[in-house]
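Quick note on numbering: numbering that gives the first Met the number 0 labels position 251 of the sequence shown as 250, and the sequence is numbered without any gaps. Reviewing the structure listed below.
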Amino acid sequence: MSHDVEAPAGVPGSVVVVGGGVAGFAVVRELRRRGFAGGISLVDPQGVPYDRPPLSKEFLTGDADAHRLLLAPPTWFAEHGVELVEDEAVRVVPGGVHPDGGPAPHRVETASGRVLEADAVVLATGGRPRALDVAGADHPDLITLRTRSDAEALRDRLTFGAEVAVVGGGFTGAEVAAAARRSLAAVTLVTGTDAPARAAVGPALAARLHRMHAEHGVAVEVGRAAWIEHRDADGGAALPAAHRLHLHDGRTVDADVVVLAGGTVPDTALAEDAGLEVADGVLTDAMGRTAVPGILAVGDAARARESAWAPSRHWEPALRSGAAAAAALLGEQADAPGAPWFWSDRYDAHVEAVGDMTVPAGGRIVDREVRGVVVASFALAADGTLRGAASIDDPMTVKAARRIIDRGIVVDPAALADPAVPVKSLARG
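This is the structure in structure tokens:
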């Protein structure tokens, strides 16, 4: 099917999307769903877009293969006239003014030397692993988890009895530790705090989640790495394992496999080189538009200048931002995003959260207990409106809480705390 057609006024005739995660794919899919008939190229060295969240969960445990990760079958792209460019974008050059007085196209240059020109460019470059700034952290044998290749390399090393150290107790680190234990590896989790999920789910649920590590045989070391020693380096020949982590207080952790899971930061290198404004992400409006006409940014790489919510770098917000950018390119409106939502799985527990679980001034946290165990937590603003909710193994509560948050309903704290009161009943206002 040809997509070389004249675009309506104000609509680009061609679009290049840089990045094949969920946000980049959402742009492409939504453009075609809304009837965009122009040319689309999607640039990513990984080829066919695939889902990233399973890399630290089902893919590591072998419950999902590479095919199940795909966001769409390869045939979908040919059928919808989307060119897949399996290459790395190394430079984005904003267009200027053409000699005839019209706008000059933007350019995307790739590692192989190819140059793609388009009326619009969408940066969906995602996040990159946060660097661990200690001596020895740049050793090539240490693993960070960003791509399918990274996950494949780690999965091959998660064997019975393998000594695995995971540095970082956030959601990705916790998921990797759980997957490694399922592979019967001996796992040590090094984390800077005894409640790393506190800001995401509240103190009570964070403490419960953290206890799960010890309950499943994971050794937890609360502390920070000072430097990492390696057996293959000068002076390290006597080490009992391939690597030794030295913590600030003198404790050490020996491991044959070390996973650095210290979180991610927005990958803004292309945007910065192109002269775009960056501050904890490429700065955009609510629809993903940057200050440069025809260049947008979506997903984990972007940050809206004006938003009721702090950046939520998770799967669903990335999906929604990609769809919103597609609408913006066509001069159309997108659905209101609502409160940001995310999920995570570790061991046998399913975690969900929506909104913002940090307590605003004058606000409070309300916990809901069942038989003495906190199953859900709610963050209330000073005026009684719900700002955030989180649960373990109770997704319906979070779903109902999202409706309450989006509608700005004032709720009774006692009702939130009472497990006999369905949260969905409070969504009626």
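C-beta atoms are modelled at their ideal positions from N, C-alpha and C, and glycine is treated no differently.
According to the DSSP assignment, D344 belongs to the beta strand (DSSP E) that extends over 340 to 345.
Taking C-beta separations shorter than 6 Å and ignoring five residues to either side along the sequence, the partners of V10 in its chain run L329, following chain order. D393 carries a coil assignment under DSSP once its states are collapsed to helix, strand and coil. In the three-state reduction of the DSSP assignment, A185 falls in the strand class. Between the stretch 10 to 28 and the stretch 49 to 63 there are three or more inter-stretch CB-CB distances shorter than 8 Å, so the stretches are counted as touching. Exposure of D279 is indicated by the presence of fewer than 16 other C-beta atoms within 10 angstroms of its C-beta. Exclusion of the five residues before and after V277 leaves T267, A270, E271 as the residues of its chain whose Cβ lies within less than 7 Å of its Cβ.
Check the Cα spacing between L379 and each of L259, A335, G201: the tightest is with G201. F35 carries a coil assignment under DSSP once its states are collapsed to helix, strand and coil. Contact annotation, I391 with H105: C-beta distance approximately 46 Å; criterion of less than 8 Å not satisfied.
Between G222 and D248, the gap from beta carbon to beta carbon is short of 8 Å. In the structure shown, the three-state DSSP call for V16 is strand.
With a cut-off of 8 Å on Cβ pairs, the stretch 315 to 328 is not in contact with the stretch 153 to 168, counting fewer than three such pairs. As summarised for the stretch 212 to 265, the continuous beta strand (DSSP E) elements at least 3 residues long and confined to that stretch are 218 to 221, 224 to 229, 242 to 246, 251 to 254, 256 to 259, 263 to 265, given in chain order. Considering only V189, L68, H229, the residue with the shortest C-alpha distance to A134 is H229. For L83, same chain residues with a beta-carbon under 7 Å away, outside a window of 5 residues either side, are L41, G46, V47, F76 in chain order.
In the three-state reduction of the DSSP assignment, A63 falls in the coil class. Nearest in C-alpha terms to V372, of all of V409, D344, P418, is P418. R363 counts as exposed, since fewer than 16 other C-beta atoms from the protein chains shown sit within 10 angstroms of its C-beta. Relative to A338, the option among R67, V353, A177 whose CA is nearest is V353. Contact check between the stretch 86 to 95 and the stretch 206 to 223: fewer than three CB pairs, one atom from each, fall below 8 Å, which does not count as touching. Counting the other CB atoms within 10 Å of its CB gives R302 a total of 16 or more, which places it among the buried residues. Contact check for V81 and R156: beta-carbon distance about 35 Å, past the 8 Å limit, so the pair fails to qualify. Excluding its 5 nearest sequence neighbours in each direction, A399 has C-beta neighbours in its own chain below 6 Å: V422, K423, A426, listed in chain order.
Contact between T187 and A164 is confirmed by a C-beta separation of about 5 Å, below the 8 Å threshold. In the DSSP assignment, L415 falls within the unbroken alpha helix (DSSP H) covering 412 to 416. When beta bridges are read from the DSSP output, I142 appears opposite V258.
In this model, L131 and D411 are separated by some 44 Å (Cα to Cα).
Your pair A260 and G169 checks out as a contact, with CB atoms roughly 7 Å apart and the cut at 8 Å.
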